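Written out below as structure tokens is the structure these notes cover.
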Amino acid sequence: MARCIALGRSEISMQLLKQFWLLAKPYWINRAHWFTWVLLALSIGALLSVVEASVWLNTWNKEFYDALVDLEFDKIQPLMFEFCVIIAIIVVLMVYGQWLQQLVIIRWRTWFTEQLISQWMTDKTYYRMTLGDEPDNPDQRIAEDARLLTSDTISLFVGGIQAVAVLFAFTRILWDLSGQLSFEWNNETFQIAGYLFWVALVYSIVGTLVTHYFGHPLHKLNFAQQRKEADFRARLLRRRDSAEQIALLKGEATEQRQLKNSFQFIASNWYSLMNREKKLGLVVNSYHRVAMMVPLFAGIPALMAKSITIGGLFQVRMAFMKVYAGFSWFVHNYAKLTSWSATVERLGTFTDAMQQQHQAQNIDCQTSMQWRELTVQRPDGKPLLEGMNIELNAGSHLLVSGASGLGKSTLLRTIAGIWPFYEGQIFQQQGETMLLPQRPYLPSGTLHDCLNYPATQTVSNEQLQQVLQLVGLDELAKDVEQTGEWQQVLSGGEQQKFSLARALLAQPDTLILDEATSSLDEATAIALIELIKQQLPQTTLMMVSHQAVLKPLFERHLDLMPYGAAKA
1 MARCIALGRS EISMQLLKQF WLLAKPYWIN RAHWFTWVLL ALSIGALLSV VEASVWLNTW
61 NKEFYDALVD LEFDKIQPLM FEFCVIIAII VVLMVYGQWL QQLVIIRWRT WFTEQLISQW
121 MTDKTYYRMT LGDEPDNPDQ RIAEDARLLT SDTISLFVGG IQAVAVLFAF TRILWDLSGQ
181 LSFEWNNETF QIAGYLFWVA LVYSIVGTLV THYFGHPLHK LNFAQQRKEA DFRARLLRRR
241 DSAEQIALLK GEATEQRQLK NSFQFIASNW YSLMNREKKL GLVVNSYHRV AMMVPLFAGI
301 PALMAKSITI GGLFQVRMAF MKVYAGFSWF VHNYAKLTSW SATVERLGTF TDAMQQQHQA
361 QNIDCQTSMQ WRELTVQRPD GKPLLEGMNI ELNAGSHLLV SGASGLGKST LLRTIAGIWP
421 FYEGQIFQQQ GETMLLPQRP YLPSGTLHDC LNYPATQTVS NEQLQQVLQL VGLDELAKDV
481 EQTGEWQQVL SGGEQQKFSL ARALLAQPDT LILDEATSSL DEATAIALIE LIKQQLPQTT
541 LMMVSHQAVL KPLFERHLDL MPYGAAKA
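If you count the sequence shown from 1, position 181 lands on 181 in our numbering, and the numbers rise without skipping.
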């Protein structure tokens, strides 16, 4: 049975710590990041120096209050100057220690975010994760969870080291100041050495247990809150992307109702979270406020025995509070620990899902495109298309037709290499393959970059203007450096023309069109397919279309039949 450190019913188990180590190890064991270790060491050094300055301040407390009680005013002025020096040192060390922490965080976060993006975008992982039970909201995990993991980890780590240093520094002071507490019980005299230390220890243990009792549900509530917030943002983004369709269907009332219902899940969990944090807050704040007076009450016996002065009592109080703070680190960071554990769990499941994606089989290349006993499957393994055999020589043109829902688009995605669920052999034609979907992706930015997407090589404005004019987008050709949200600016038909212009510009060896002319009238669709054949004579063209008028333009035809059959 796995050992664990209890943190509510959802525990910080060894599995969670292992998940964290797998997330953090690639950065922190890499020798290339030695400078981050230096920055972290400097940050810790600054905060340890704050602890040393606090010991100095503790000694100052005794001297100052003793001078006040004894009315030794000649000592007060130098002590006031000394106080200013101590505080100045503490402030500078704390500010620069925090600044160095932030520098460590942004260096780690930058690298970690780049790694997540790389894993997500490599080998079509971002697409394949949508085919199954995808972890919810990958955008939130890359943007928000990466920030929380790096910032909370450094904060908790450095804070924990500082708490240990405080314990070491002030435990000895508190022990020496406590002396011995003598009391009689059952006609026997008992003595407790360093009794104020034991009071601080017992008080902290009781506080930790009570805090854990009231705070343990926070892990699940924080996890749920992060997920529900991300779900709501994703719903808002989907509405923005579908704004035109919603407006045309006059669906505002329905969308408003659905968004309100979605937000109710956030509000409901928020009420549970705030009520639980209220109970925890009552405990933690009461615990802290009482702790401020405990050393004064506990120090009264020593004061009455005249083993300490008033100044010594204030010194005891400060030392007690420092020891108490060290022992109570867990209490004061309970909420952050539950949030941190939820973040680690979310990122752990996300990275595991990326690593466990069902990878597509390697597709070999040769001079012609071939499928041998190709069976295309659904994600659950059920066959969609079975036993297909075909060969297309370079420059051939194939039209795939059939009723909706038979798997035409899935077949194209299989041939393009992004659908991993198939059996049999696929040989692609050597060279570049380009697939144009029914709804093109048009990134915002300059028209030049949008048309040249995803290529990065330099293309002249004259080339861009030429292909835009060829497909009938003369107005756009006038200024290819203009900037816009092209997905919203262009109509459906214009977007498909724009997409075909990309193909003319890219000149792929294999061009796959998935109903890429469905928004165009028949005459325009015919003209553009003829243009593709004319401008790209060596390109193998494979197209799915319901437009019967295009059939004469293709010398090869593949008719998909119900129950997975195909007729070539």
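Positions of the beta carbon are idealized from the N, C-alpha and C atoms, including for glycine. None of the values given here were measured: they were computed from a predicted structure.
Checklist line | Top-ranked residue by Cα proximity to T261, from E494, E229, N58 and R372 | finding: Within the sequence shown, residue 261 is the residue found at index 261, counting from 1. Here residue 261 is Asn; the residue named in the question, Thr, does not match the sequence. Of the candidates E494, E229, N58 and R372, the one whose C-alpha sits nearest the C-alpha of N261 is E229.
Next item on the list: Assign P562 to buried or exposed, taking buried as 16 or more other Cβ atoms, counted over all protein chains shown, within 10 Å of its Cβ.
Entry: Along the sequence shown, one-based indexing puts residue 562 at 562. Within a 10 Å sphere around the beta-carbon of P562 sit fewer than 16 other beta-carbons, which makes this residue exposed.
Notebook entry, point to check: Sorted by chain position, which residues of the same chain lie with C-beta nearer than 8 Å to E481's C-beta, five sequence neighbours on each side aside?
Noted result: Your numbering for residue 481 matches position 481 in the sequence shown. Closer than 8 Å at the Cβ level, and outside the excluded window around E481, lie T446, L447, H448 and N461.
Item checked: A234 vs N137 beta-carbon contact at 8 Å -> Here residue 234 refers to the residue found at position 234 of the sequence shown. Here residue 137 refers to the residue found at position 137 of the sequence shown. In this structure, N137 lies closer than 8 Å to A234 by Cβ.
Check: Rounded to a whole number of angstroms, what is the C-alpha to C-alpha distance between I205 and D123?
Finding: Position 205 of the sequence shown holds residue 205. Position 123 of the sequence shown holds residue 123. Roughly 51 Å between the two C-alpha positions.
Notebook entry, point to check: In whole angstroms, what separates the C-alpha of R9 from that of M388?
Noted result: Counted from its first residue, the sequence shown places residue 9 at position 9. Counted from its first residue, the sequence shown places residue 388 at position 388. Because R9 carries a pLDDT of 41, less than 50, the predicted location of this residue cannot be relied on, and the following value inherits that uncertainty. Using only the alpha carbons, I get a separation of about 53 Å.
Note to self: Need the endpoints of the alpha helix (DSSP H) that Y195 sits in, please.
What the structure shows: For this step, residue 195 is matched to residue 195 along the sequence shown. Residues Y195 to G215.
Item checked: Range covered by the beta strand (DSSP E) that runs through F427 -> Position 427 of the sequence shown, counted from the first residue, corresponds to residue 427. Its beta strand (DSSP E) spans residues Y422 to Q429.
Notebook entry, point to check: Does the beta-carbon of A360 have 16 or more other beta-carbons within 10 angstroms, so that it is buried, or is it exposed?
Noted result: Locating residue 360 in the sequence shown gives position 360, where the first residue counts as 1. Low per-residue confidence applies at A360: pLDDT is 49, beneath 50, and the placement is therefore not dependable, though the value from the model is reported in the following sentence. By the neighbour-count rule (16 or more Cβ atoms within 10 Å), A360 is buried.
Check: Taking the C-alpha atoms as reference points, what is the distance between R128 and P135?
Finding: Residue mapping note: residue 128 aligns to position 128 of the sequence shown, counting from 1. Residue mapping note: residue 135 aligns to position 135 of the sequence shown, counting from 1. Spanning the two alpha carbons is a distance of roughly 12 Å.
Checklist line | Pairwise C-alpha distance: S54 and I570 | finding: Because the chain is modelled from 1 through 568, residue 570 falls outside the range shown and cannot be assessed.
Checklist line | Host alpha helix (DSSP H) of N285 (start-end) | finding: Within the sequence shown, the letter at position 285 stands for residue 285. Counting along the chain, the alpha helix (DSSP H) containing N285 begins and ends at E252 to M304.
Notebook entry, point to check: Which residues in the same chain as R3 place their Cβ atom closer than 6 Å to its Cβ, once the five residues preceding and following it in sequence are excluded?
Noted result: For the purposes of this step, residue 3 is identified with residue 3 of the sequence shown, where counting begins at 1. With a pLDDT of only 39 at R3, under the threshold of 50, the placement of this residue in the model should not be trusted; the figure read from the coordinates follows. If we look at R3 and ignore the five residues flanking it on each side, its Cβ neighbours are M14.
Notebook entry, point to check: Quick one: what's got a C-beta closer than 7 Å to A416's C-beta in the same chain, skipping five residues either side?
Noted result: Within the sequence shown, residue 416 is the residue found at index 416, counting from 1. Excluding residues within five positions, the ones whose Cβ falls inside 7 Å are T433, L435 and I512.
Notebook entry, point to check: Taking DSSP as the reference, what is the three-state secondary structure of G405?
Noted result: Position 405 of the sequence shown, counted from the start, is the residue given in the question as residue 405. Three-state DSSP puts G405 in coil, outside helix and strand.
Notebook entry, point to check: Taking Y441 as the reference, which of L470, G492 and E63 has the closest Cα?
Noted result: What you label residue 441 is simply residue 441 of the sequence shown in a count that begins at 1. With distances taken between Cα atoms, Y441 lies closest to G492.
Notebook entry, point to check: When DSSP builds the beta bridges, which residues end up paired with D514?
Noted result: By one-based count along the sequence shown, residue 514 stands at place 514. According to DSSP, D514 bridges with V544.
Margin query: Is any non-hydrogen atom of the ligand SAM found closer than 7 Å to the C-beta of T540, if you look at the structure I gave you?
Written below: Although the ligand SAM was asked about, the structure shown includes no ligands whatsoever.
Margin query: Nearest by alpha-carbon distance to A548: which of L504, F20, R239 and L399 is it?
Written below: Reading the sequence shown from its first residue, position 548 is the one you call residue 548. The residue with the shortest Cα to Cα distance from A548 is L399.
Margin query: Rounded to the nearest angstrom, what separates V284 and T150 at their Cα positions?
Written below: The residue you call residue 284 lines up with position 284 of the sequence shown. The residue you call residue 150 lines up with position 150 of the sequence shown. Pairing V284 with T150, the inter-Cα distance amounts to about 26 Å.
Notebook entry, point to check: When you compare only the Cα positions, how much space is there between I87 and F20?
Noted result: Here residue 87 corresponds to residue number 87 of the sequence shown, with the count starting at 1. Here residue 20 corresponds to residue number 20 of the sequence shown, with the count starting at 1. Taking the straight line from one Cα to the other gives about 37 Å.
Checklist line | DSSP bridge partner residues for R372 (one or two, in chain order) | finding: Translated into positions along the sequence shown, residue 372 becomes position 372. In DSSP, R372 forms a bridge with Q425.
Notebook entry, point to check: Taking C-beta to C-beta, are L504 and Q535 nearer than 8 Å?
Noted result: Counting from one through the sequence shown, the residue named residue 504 turns up at place 504. Counting from one through the sequence shown, the residue named residue 535 turns up at place 535. Contact: yes.
Notebook entry, point to check: My guess is that L560 and G402 are in contact by the Cβ rule of under 8 Å, so how many angstroms apart are they, rounded?
Noted result: Your numbering for residue 560 matches position 560 in the sequence shown. Your numbering for residue 402 matches position 402 in the sequence shown. The C-beta distance from L560 to G402 rounds to 3 Å, short enough to fall under 8 Å.
Item checked: Separation of E494 from R372, as counted between CA atoms -> Mapped onto the sequence shown, residue 372 falls at position 372. Mapped onto the sequence shown, residue 494 falls at position 494. R372 and E494: Cα-Cα distance of roughly 37 Å.
Note to self: Can you tell me whether I606 is buried or exposed? The criterion is at least 16 other CB atoms within 10 Å of its CB, across all chains shown.
What the structure shows: Because residue 606 is not part of the residues shown, which for the chain are 1 to 568, the question remains open.
Next item on the list: Could you check if E485 is buried or exposed, using at least 16 other CB atoms within 10 Å of its CB as the buried criterion?
Entry: On the sequence shown, residue 485 is found 485 positions in, with the first residue counted as 1. Counting Cβ neighbours within 10 Å, E485 comes out exposed, since fewer than 16 surround it.
Margin query: Judging by CA-CA distance, which residue of S118, E82 and I44 is the nearest neighbour of V95?
Written below: Locating residue 95 in the sequence shown gives position 95, where the first residue counts as 1. Ranking S118, E82 and I44 by Cα distance to V95 puts I44 first.
Next item on the list: Look at the alpha carbon of L476 and the alpha carbon of P508, and state the distance between them as a whole number of angstroms.
Entry: On the sequence shown, residue 476 is found 476 positions in, with the first residue counted as 1. On the sequence shown, residue 508 is found 508 positions in, with the first residue counted as 1. Distance from the CA atom of L476 to the CA atom of P508, rounded to whole angstroms, is 23 Å.
Next item on the list: Report the rounded CA-to-CA distance for Q370 versus L412, giving the unit in angstroms.
Entry: For this step, residue 370 is matched to residue 370 along the sequence shown. For this step, residue 412 is matched to residue 412 along the sequence shown. One C-alpha to the other measures close to 13 Å.
Item checked: Residue from K25, Q487, I418 and S444 with nearest C-alpha to L131 -> Mapped onto the sequence shown, residue 131 falls at position 131. Selected option, being the one with the closest Cα: I418.
Check: What separation, rounded to the nearest whole angstrom, lies between the Cα atoms of D479 and Q488?
Finding: In the sequence shown, the residue the question calls residue 479 occupies position 479. In the sequence shown, the residue the question calls residue 488 occupies position 488. Roughly 18 Å separates the two Cα atoms.
Notebook entry, point to check: What are the start and end residues of each continuous alpha helix (DSSP H) run of 4 or more residues lying completely inside the region 478-535, in chain order?
Noted result: 486-489, 492-506 and 522-535
Check: Do you know how far the Cα of T254 is from the Cα of W111?
Finding: Here residue 111 is taken as the residue at index 111 of the sequence shown, counted from 1. Here residue 254 is taken as the residue at index 254 of the sequence shown, counted from 1. The straight-line gap from Cα to Cα measures roughly 42 Å.
Item checked: Bounding residues of the alpha helix (DSSP H) (the contiguous stretch that carries G45) -> Here residue 45 refers to the residue found at position 45 of the sequence shown. Looking at the DSSP string, the run of the alpha helix (DSSP H) that includes G45 is W34 to V69.
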